[in-house]
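Residue numbers (UniProt numbering): 1 to 364. Working notes for the structure below.
The structure is reproduced here in structure tokens:
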């Protein structure tokens, strides 16, 4: 069969006869060393062998490439499904478990803080009542009056009336004679158990040697002018009951700082006291008509440009502390409402230029 395909009878005319029996192998060994057989192998057999090998390898290579491509595609599809499943599970976990946990955590933290605040206020209230009861029983007019009367120290009550007057005295249970301060003044030293670690750190504003005037930046002035034009637009309808300004702040009084909320409508100014309700002392909620506002001034609180001071036509005023980022926005919204009696400036006015003293000083 192979001889017919390779045409051995044409290329090997001297080939020994295969029917010679055992002598054929000896004759073929001698014939394999001849040039005729060598030329047949190199010119006929080798090209056919290479062609067959290349065809076989190509088919196997293509089959192997197809198999590996299918494997790679299957791996990528499985990885994509796994990644998508992990992402969906993560989002589902965040939406159904983690977000609910975070919400519950914040609620529990606020509840615990509220409970701790109430317990602390209750403890302080009980201590004050106990001290008052003890003083009533052991005082000079009490049934268990002591022969040795300790001195009583008084202080002005923190309760103020509308005119910011404190009209009564209360007992000072935490009296301090300032003995340590006197010793320090007289260079006598202080006791070793006294520490100043409770003092707050010095702020960056206090370290600054040169303090600029409390003015509004140019970009803030442009924003304020835009707010004024927006509210002056006749097409804009302002609801008189809807708050134009609504921001958390602090009411700074002579004795304490009260946390609350500042609201301004088209006709009213509100301050809502958000501090815990106590039995002693009055609330600091107040409401004023907007037309009573006379002046609004930029102020600093603890060296930070975060406060506004409002003056009314009846000579009353109140001091509100905001954040440094919201103070100018609140100021701009109040100015944009154009109260009929309000006079304000974006920067401190040069007083000398109005009265002519600068010219006289320069001439002198």
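Beta carbons are placed, not taken as given, at the ideal position from N, Cα and C, and that holds for glycine.
According to DSSP, simplified to helix, strand and coil, what is residue i?
i, result
"residue 304", "strand"
"residue 64", "helix"
"residue 322", "coil"
"residue 97", "helix"
"residue 155", "strand"
"residue 277", "coil"
"residue 73", "helix"
"residue 134", "helix"
"residue 253", "coil"
"residue 289", "strand"
"residue 90", "helix"
"residue 81", "helix"
"residue 46", "helix"
"residue 150", "coil"
"residue 26", "helix"
"residue 355", "For residue 355, the predicted structure reports a pLDDT of 40, less than 50, and the residue's modelled location is therefore unreliable. The matter cannot be settled from this model."
"residue 282", "coil"
"residue 105", "helix"
"residue 341", "coil"
So, for residue i: in the same chain, excluding its five sequence neighbours on each side, which residues have a beta-carbon less than 8 Å away from its beta-carbon?
i, result
"residue 290", "264, 265, 266, 267, 268, 269, 337 and 339"
Does the distance from the CB of residue i to the CB of residue j come in under 8 Å?
i, j, result
"residue 322", "residue 307", "yes"
"residue 144", "residue 137", "yes"
"residue 250", "residue 259", "yes"
"residue 253", "residue 294", "no"
"residue 256", "residue 158", "yes"
"residue 156", "residue 164", "no"
"residue 324", "residue 305", "yes"
"residue 276", "residue 133", "no"
"residue 320", "residue 288", "no"
"residue 154", "residue 169", "yes"
"residue 244", "residue 185", "no"
"residue 314", "residue 292", "yes"
"residue 131", "residue 178", "no"
Tell me residue i's beta-bridge partners as DSSP assigns them.
i, result
"residue 264", "245 and 269"
"residue 297", "309"
"residue 317", "311"
"residue 34", "DSSP output for residue 34 lists no bridge partner at all."
"residue 169", "156"
"residue 329", "Residue 329 is not bridged to any residue."
"residue 258", "251"
I'd like the list of long-range same chain contacts for residue i, defined as Cβ closer than 7 Å, with 5 residues on each side in sequence excluded.
i, result
"residue 241", "265"
"residue 331", "296, 298 and 308"
"residue 188", "none"
"residue 317", "309, 310 and 311"
Going by the C-beta, is residue i closer than 7 Å to any heavy atom of the ligand FAD?
i, result
"residue 331", "As presented, the structure is devoid of all ligands, the ligand FAD included, so that no description of it is given."
Leaving aside the five residues before and after residue i along the sequence, list all residues of the same chain whose C-beta is less than 6 Å from its C-beta, in chain order.
i, result
"residue 248", "261"
Would residue i count as contacting chain B if we go by Cβ distances under 8 Å?
i, result
"residue 267", "No chain B is present in this structure, which holds just one protein chain."
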